[in-house]
Amino acid sequence: MNLVAGGLLLAALAYDWLGNFAHELIGTAMFGLLVAHNTFNSRWYGSAVRKGGRDLRGWLNIATIATLAIAMLILLITSIIISRSLFSALPIASSFAARQLHAQAAYWALVIVAIHVGMRWSMIMTSMRSWLRLGSPNAGRTWVLRIVALSIAAYGVHSWVVVGIGSRLMAEMTMNFWNFEEAVLRFFLRQGAVAGLLICVAHYTTAWLQRLKQLL
Numbered sequence: 004m005n006l007v008a009g010g011l012l013l014a015a016l017a018y019d020w021l022g023n024f025a026h027e028l029i030g031t032a033m034f035g036l037l038v039a040h041n042t043f044n045s046r047w048y049g050s051a052v053r054k055g056g057r058d059l060r061g062w063l064n065i066a067t068i069a070t071l072a073i074a075m076l077i078l079l080i081t082s083i084i085i086s087r088s089l090f091s092a093l094p095i096a097s098s099f100a101a102r103q104l105h106a107q108a109a110y111w112a113l114v115i116v117a118i119h120v121g122m123r124w125s126m127i128m129t130s131m132r133s134w135l136r137l138g139s140p141n142a143g144r145t146w147v148l149r150i151v152a153l154s155i156a157a158y159g160v161h162s163w164v165v166v167g168i169g170s171r172l173m174a175e176m177t178m179n180f181w182n183f184e185e186a187v188l189r190f191f192l193r194q195g196a197v198a199g200l201l202i203c204v205a206h207y208t209t210a211w212l213q214r215l216k217q218l219l
């Protein structure tokens, strides 16, 4: 479910290619999926409040989910304010500031969702192995996957610069507009590579913290 929501978020970033109506439909579907996801995992919130962060990894997990909730709330509020299709009948005046905040929150959401997925990557891979009936991990397959992950991460570093993710996170004015008439697929590849980079960083950081906890 996390991966599907992340995919919808990536698709929604291609506003100039999709057009407003499709963008709003995808955004609405993403929020519907997030509501279902949080409803399904509602017991976790009560457990997290009672136990708190048992270690640094636990606190990072709580912080990630809290910041993601804030980003999604900003996205939801600003999407209603600037809506030109699904919520246009509401008596709310749009503004440039709301549109700018909406775009900034979208890229922050991309970053935080990728980190959120990366912190659960081991669990996701275990589920995938079970679903594909691959059996227990083996050294050859593990190294192949690591090389693929490293390649994606390297392309993600380059894509971070090309797309100007840093400027978008800071809501800086930029003339870096993507030409969807020439490179639609490349846009999604670059955005996906950025997400892959952050997933790798979060996954290996989580694994390192787990090993450090065992050593201590």
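Here the sequence shown is numbered in my numbering, starting from 4 and rising by one per residue.
All residues carry an ideal CB built from backbone N, CA and C; glycine is no exception.
Per DSSP, reduced to three states, the secondary structure at G22 is coil, with no helix or strand assignment.
Contact annotation: the stretch 147 to 160 does not touch the stretch 87 to 98, with fewer than three C-beta pairs closer than 8 angstroms. Non-local C-beta neighbours of W163 in its own chain, meaning closer than 6 angstroms and more than five positions away in sequence, comprise V197, ordered along the chain.
In the three-state reduction of the DSSP assignment, N41 falls in the helix class, which pools H, G and I.
Distances from the CA of E184 to each of A15, D19 and L13 were compared; the closest alpha carbon is that of D19. Residue state for W111 is assigned as helix, using DSSP reduced to three classes. For N141, no alpha helix (DSSP H) encloses it, and the DSSP letter there is neither H nor E.
Each residue's CA atom was taken as its position, placing Q107 and G138 some 42 angstroms apart. DSSP places S130 in the uninterrupted alpha helix (DSSP H) bounded by W124 to L135. Below 8 angstroms, too few C-beta pairs join the stretch 80 to 92 and the stretch 117 to 125 to call them touching: fewer than three. For L89, the CB contacts under 7 angstroms within the same chain, skipping 5 residues up- and downstream, are E27 and T31 in chain order. When the beta-carbon positions are compared, A112 and L192 stay at least 8 angstroms from each other. Its chain contains L37 and A112 as the residues whose beta carbon lies nearer than 7 angstroms to that of M75, once the 5 sequence neighbours on both sides are disregarded; these appear in chain order.
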